[in-house]
Amino acid sequence: MAALNKAQVMGNVGQDPRIAHTKDGTVVAQISVATSSKYKDETYTEWHRVSAFGRRAEIIAEFVKKGDPIFVEGPMRTHKWVDDKGIERYTTEVIANNIQLLASKPKDKDWADSVANGIPPHLKDNGTEAPPLDDIPMDELDDIPY
Numbered sequence: 001m002a003a004l005n006k007a008q009v010m011g012n013v014g015q016d017p018r019i020a021h022t023k024d025g026t027v028v029a030q031i032s033v034a035t036s037s038k039y040k041d042e043t044y045t046e047w048h049r050v051s052a053f054g055r056r057a058e059i060i061a062e063f064v065k066k067g068d069p070i071f072v073e074g075p076m077r078t079h080k081w082v083d084d085k086g087i088e089r090y091t092t093e094v095i096a097n098n099i100q101l102l103a104s105k106p107k108d109k110d111w112a113d114s115v116a117n118g119i120p121p122h123l124k125d126n127g128t129e130a131p132p133l134d135d136i137p138m139d140e141l142d143d144i145p146y
């Protein structure tokens, strides 16, 4: 039987990105993204934890801030960790394979065109691409406290 592990989240960033590094120096960015839905007269907000690695993390660090609209796509991962009191905890997150910065107000035409295509302006002409997620050693994530 085939399986699929893919999440798509589109919403607003809830806080400025947290930036960290793995032991080998890989940049890690963590954000939370809020999605809202309405039922009758009530609005419900769900918070999604998102982590990005390498070049994707650098892009988030440089261009994303609290309140920005964003689209994120990638697999869900659950990590087990032990808190300061020795209690085992679990954290589920989306590992960002695809990030689209959604401009609420275009800053200029080049910026708007680049964001619409999911490419920050400084990457537009040089074809820089983030490494595949498979190149990032997932066992090093155990050192990052969530």
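Each residue of the sequence shown is one higher than the one before, starting from 1 at the first, in the UniProt record's numbering. All C-beta atoms, glycine included, are put in the ideal place defined by N, C-alpha and C. The model shown is predicted, which means the values in this text are computed figures rather than measured ones.
The Cβ-Cβ distance between V33 and V50 falls below 8 Å. Per DSSP, the beta bridge partners of T78 are T92. By the criterion of at least three beta-carbon pairs nearer than 8 Å, the region 68 to 78 is in contact with the region 1 to 15. The way I'd put it, the region 81 to 89 doesn't touch the region 34 to 46; fewer than three beta-carbon pairs between them come closer than 8 Å.
The C-alpha of H48 is placed about 23 Å away from the C-alpha of D41. The criterion of a C-beta distance shorter than 8 Å is satisfied by T26 and G54. Straight-line measurement puts the Cα of A20 at about 12 Å from the Cα of I31. In the DSSP assignment, T35 is bridged to E46.
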